[in-house]
């Protein structure tokens with residue numbers, strides 16, 4: 007049974023709670039996570055990371071070992087609208103997906119680093135961690151990784167749902 011959980015809020019925070027504590031002391035950690043409402047969070051199943059997405063269109067990765075400092079482990083500003091869903095890959099702890107009101111789904115890999123040997127790469131305005139962008143749906147609400155088929159993402163939107171495989175993980 008899990009006794010610790012995370013929450014996000016319109017007060018721009020992400021909080022870590024422990025249900026074993028009394029109600030007045032149950033909130034163990036708090037950080038000002040975004041510059042606007044925090045819409046969604048996902049707790050990594052294998053590593054001490056949480057990914058959050060807010061109305062500011064920013065996706066942030068938090069290392070729980072340094073959560074109190076308010077410093078992110080990673081920050082990505084790819085989406086041009088509020089983030090509507092985030093979810094870690096079920097088996098690869100460095101990969102997560104995010105969707106936004108800009109009608110995009112983005113897939114990210116934190117294990118990828120910028121290639122320092124390629125001078126042309128410095129002029130590219132795309133983070134090296136961005137694996138894939140899926141477009142074509144309107145008003146995307148949610149994304150989920152298929153738990154049994156590696157790399158398959160399922161998304162729901164006002165325009166319907168999509169099932170697609172983008173990566174070989």
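Numbering (my numbering), first residue to last: 7 to 175.
Each residue gets a CB set at the ideal place from its N, CA and C atoms; glycine is no exception.
Just so we're clear, the structure is a prediction, and the values are computed from it rather than from any experiment.
Tell me the DSSP secondary structure of residue i in three-state form.
{"i": "residue 70", "result": "helix"}
{"i": "residue 31", "result": "helix"}
{"i": "residue 15", "result": "coil"}
{"i": "residue 112", "result": "strand"}
{"i": "residue 100", "result": "coil"}
{"i": "residue 106", "result": "strand"}
So, at 6 Å on beta carbons, what are the nonlocal neighbours of residue i in its own chain, with the 5 sequence-adjacent residues on each side left out?
{"i": "residue 57", "result": "48, 67, 92 and 102"}
{"i": "residue 139", "result": "110 and 112"}
{"i": "residue 158", "result": "152 and 171"}
{"i": "residue 81", "result": "66"}
DSSP has residue i in a bridge; who is on the other side?
{"i": "residue 147", "result": "Answer is none; residue 147 lacks a bridge partner."}
{"i": "residue 152", "result": "Residue 152 pairs with nothing; no bridge assigned."}
{"i": "residue 163", "result": "146 and 166"}
{"i": "residue 22", "result": "12 and 35"}
{"i": "residue 136", "result": "114"}
{"i": "residue 93", "result": "103"}
Within a Cβ cutoff of 7 Å, which residues of the same chain sit near residue i, ignoring the five residues on either side of it in sequence?
{"i": "residue 164", "result": "144 and 145"}
{"i": "residue 33", "result": "21 and 23"}
{"i": "residue 11", "result": "23"}
{"i": "residue 107", "result": "87, 88 and 90"}
{"i": "residue 136", "result": "84, 112 and 114"}
{"i": "residue 52", "result": "99"}
Excluding the five sequence neighbours on either side, which residues of its own chain have a C-beta within less than 8 Å of the C-beta of residue i, listed in chain order?
{"i": "residue 74", "result": "35 and 37"}
3 or more residues per run - each beta strand (DSSP E) lying fully within the stretch 41-91
44-49, 55-60, 65-69 and 80-82
Does the stretch 29-46 come within contact of the stretch 79-87, defined as at least 3 CB pairs closer than 8 Å?
no
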